[in-house]
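In the UniProt record's numbering, the protein residues as written are 1 to 224. Every residue gets a Cβ at the ideal spot worked out from N, C-alpha and C, and that includes glycine. Being a predicted model, the structure only gives us computed values, none of them experimental.
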């Protein structure tokens with residue numbers, strides 16, 4: 001299977017997992033209809049989300065993310081430098097490349113499971129600013145929604161093809177790790193095809209991935 005075919009297959013899997021759960025602006029609901037009853041309301045939903053329904057938005061985020069993961073060059077710096085091998089130094093669709101460093105790759109957890117992460121360094125002081133581990137809810141909601149529609153440094157433009165910088169990104173003051181968990185959500189996957197999971201396994205995987213990412217990706221430099 002080619003890399004792009006594999007990526008698009010995983011993207012489709014992530015969308016399929018999210019058919020029954022809508023995750024917007026940090027809130028989760030059972031359906032799009034119940035979202036309209038919240039304080040934000042349908043008007044804001046339609047005004048702030050440039051597509052007609054939430055599944056279209058999720059599909060467009062997944063499609064753009066698949067394109068970015070396939071197209072963005074990765075700078076390799078030697079196998080001894082664990083997280084630095086995943087450094088992204090150019091993003092398609094972004095008019096001006098970022099002034100901060102960011103990384104995208106996989107963390108192997110229990111068994112053969114591979115959890116996808118995207119790590120962005122703080123714009124202020126990455127050596128002393130805190131580290132935030134972000135996971136969208138569900139399980140079943142890709143953390144790339146948090147990255148590209150909520151607190152991440154770049155958001156998807158209304159044309160679905162380009163990126164815009166988010167002036168309110170959390171990485172203005174913190175290092176942020178976006179982790180897609182459990183395996184089967186977003187771009188996280190298990191080569192064995194076994195996606196049966198439970199709370200204990202998910203907790204163990206998240207703990208291991210969180211520990212590995214904070215220790216290795218940040219080189220033990222950060223304050224917390």
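**OP:** May I have the straight-line CA-CA distance separating residue 122 from residue 105, to the nearest angstrom?
**Re:** Mapped onto the chain shown, residue 122 falls at position 122. Mapped onto the chain shown, residue 105 falls at position 105. For residue 122 and residue 105, the distance between alpha carbons rounds to 18 Å.
Original post:
Relative to the C-alpha of residue 158, which residue among 112, 90 and 148 is closest?
Top reply: Here residue 158 is taken as the residue at index 158 of the chain shown, counted from 1. When each option's Cα is compared against that of residue 158, the closest is 148.
Original post:
Helix or strand or just coil, what does DSSP make of residue 212?
Top reply: By one-based count along the chain shown, residue 212 stands at place 212. DSSP places residue 212 in helix when its eight states are reduced to three.
Subject >> Limits of the beta strand (DSSP E) - the one that residue 175 falls within >> reply: Within the chain shown, numbered from 1, the residue matching residue 175 stands at position 175. Per DSSP, residue 175 is one residue of the beta strand (DSSP E) stretching across 175-179.
Original post:
Taking Cβ to Cβ, would you say residue 142 is nearer than 8 Å to residue 191?
Top reply: In the chain shown, residue 142 corresponds to position 142, counting from 1. In the chain shown, residue 191 corresponds to position 191, counting from 1. The answer is no: Cβ separation not under 8 Å.
Subject >> At least three beta-carbon pairs within less than 8 Å, the segment 161-170 to the segment 198-211 >> reply: These segments do not touch.
**OP:** Apply the 10 Å Cβ neighbour rule to residue 127 and answer buried if 16 or more other Cβ atoms are within range, or exposed otherwise.
**Re:** For the purposes of this step, residue 127 is taken as residue 127 along the chain shown, with counting starting at 1. By the 10 Å Cβ count, residue 127 comes out exposed.
Subject >> Three-way DSSP call (helix, strand, coil) for residue 104 in this model >> reply: Reading the chain shown from its first residue, position 104 is the one you call residue 104. If DSSP states are grouped into helix, strand and coil, residue 104 belongs with the strands.
Original post:
By DSSP, does residue 197 sit in helix, in strand, or in coil?
Top reply: Residue 197 sits at position 197 when you count from the first residue of the chain shown. Correct three-state label for residue 197: coil.
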